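Undergrad:
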Ligand SMILES: C[S@@+](CC[C@H](N)C(=O)[O-])C[C@H]1O[C@@H](n2cnc3c(N)ncnc32)[C@H](O)[C@@H]1O
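Numbering (my numbering), first residue to last: 1 to 233.
1) Where does residue 93 fall in DSSP's three states?
2) Within the chosen definition, does the segment 196-204 reach the segment 114-128 through at least 3 CB pairs nearer than 8 angstroms?
3) Determine, using beta carbons only, whether residue 74 and residue 47 come nearer to each other than 8 angstroms.
4) Below 7 angstroms, is the gap between the Cβ of residue 47 and the nearest heavy atom of ligand 1?
5) Measuring alpha carbon to alpha carbon, tell me which residue in 41, 161, 90, 139 is nearest residue 116.
6) Assign residue 87 to one of three DSSP states: helix, strand, or coil.
7) Three or more C-beta pairs closer than 8 angstroms, one from the segment 78-92 and one from the segment 47-60: is that the case here?
8) Rounded to whole angstroms, how far is the Cβ of residue 106 from the Cβ of residue 134, which I believe are closer than 8 angstroms?
9) Within the same chain, show all residues whose beta-carbon is closer than 6 angstroms to that of residue 26, passing over the 5 residues directly before and after it, in chain order.
10) Got a sec, what are the start and stop residues for the beta strand (DSSP E) residue 221 sits in?
11) Who are the Cβ neighbours of residue 113 in its own chain at under 8 angstroms, not counting the five residues just before and after it?
12) Thinking C-alpha only, which one of 122, 59, 40 is nearest residue 96?
13) Can you round the beta-carbon distance between residue 212 and residue 152 to whole angstroms, since I take them to be within the 8 angstroms contact cut?
14) Looking at C-alpha atoms only, which residue of 169, 143, 139 is the closest neighbour of residue 123?
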């Protein structure tokens, strides 16, 4: 994984503007589970891509992230949209600050990858710890939904090498169902495309966008989901 730690402490607004150019994921989530009255945990909530769209439809959300700066931005957005049912809390994925069996839905968007990539030490152990934590906080019949990248700048899935093992473990060891979707960025100008993507994806992808005059930057995402069937933990 690229090191995005500076993004999540010093470029939080830029990150939030970038993802605002992508489609909402509300329908994708609703197709997997109805949202009525759910208590939700958003792992690695960041600036709230998932929390802000879910808040009006669910009972409560606990939004967790290791970056206080990302959560500060989320707090501001929640105030603006008058969402009073969300609590934010700094926490690492391996030690969720949440009670046992307190959630009906756990969502994690583009975030577990930072501990699960093969270029991180102890990645397989991390994945195991994270799955244990998810199963601990989920109620029986609760659902976990994970979103991760299947490639930016491509129209069909092309997952990065360093994430293939993680995706295979989700499907083959932990029993997740899986599909893929398009999460293209739609920019208003090339200048905007350059400003909102170079800091995150680096020069190669952005140079292609600018050279080919692309206002749409294609992207594929994987969606993995699993229902907790009994009191496994
Ligand atoms: C790409 S952003 C995704 C944010 C949000 N889920 C979204 O879909 O836009 C990744 C987020 O994961 C958080 N993160 C990275 N490693 C983490 C960890 N070990 N525990 C908790 N959060 C982590 C980062 O601080 C950042 O806010």
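Quick reminder that beta carbons are idealized off the backbone N, C-alpha and C, glycines included. Just so it is clear, the structure is predicted and the values come from calculations on it, not from any experiment.
TA: Concretely, from the data shown:
1) Taking the chain shown and counting its residues from 1, the one referred to as residue 93 is at position 93. Coil.
2) no
3) Here the question's residue 74 lines up with position 74 in the chain shown. Here the question's residue 47 lines up with position 47 in the chain shown. A contact, by the Cβ cut-off of 8 angstroms.
4) Locating residue 47 in the chain shown gives position 47, where the first residue counts as 1. Yes, the beta carbon of residue 47 sits closer than 7 angstroms to at least one heavy atom of ligand 1.
5) Here residue 116 is taken as the residue at index 116 of the chain shown, counted from 1. When only C-alpha atoms are compared, the closest one is 161.
6) In the chain shown, counting from the first residue as 1, residue 87 sits at position 87. Correct three-state label for residue 87: strand.
7) yes
8) Locating residue 106 in the chain shown gives position 106, counting from the first residue. Locating residue 134 in the chain shown gives position 134, counting from the first residue. About 5 angstroms; that satisfies the 8 angstroms criterion.
9) In the chain shown, residue 26 corresponds to position 26, counting from 1. Counting only Cβ-Cβ distances below 6 angstroms, and skipping sequence neighbours, we find 53.
10) Residue mapping note: residue 221 aligns to position 221 of the chain shown, counting from 1. It spans 219-227 - the beta strand (DSSP E) in which residue 221 sits, taken as one unbroken run.
11) Counting from 1 along the chain shown, the entry for residue 113 is found at position 113. So the qualifying residues of the chain are 1, 148, 149, 163, 166.
12) As a working note, residue 96 is residue 96 in the chain shown. Out of 122, 59, 40, 40 has the C-alpha closest to the C-alpha of residue 96.
13) Position 212 of the chain shown holds residue 212. Position 152 of the chain shown holds residue 152. That belief does not hold up - the Cβ atoms of residue 212 and residue 152 are roughly 14 angstroms apart, past 8 angstroms.
14) Counted from its first residue, the chain shown places residue 123 at position 123. Measuring from the Cα of residue 123, the nearest candidate turns out to be 169.
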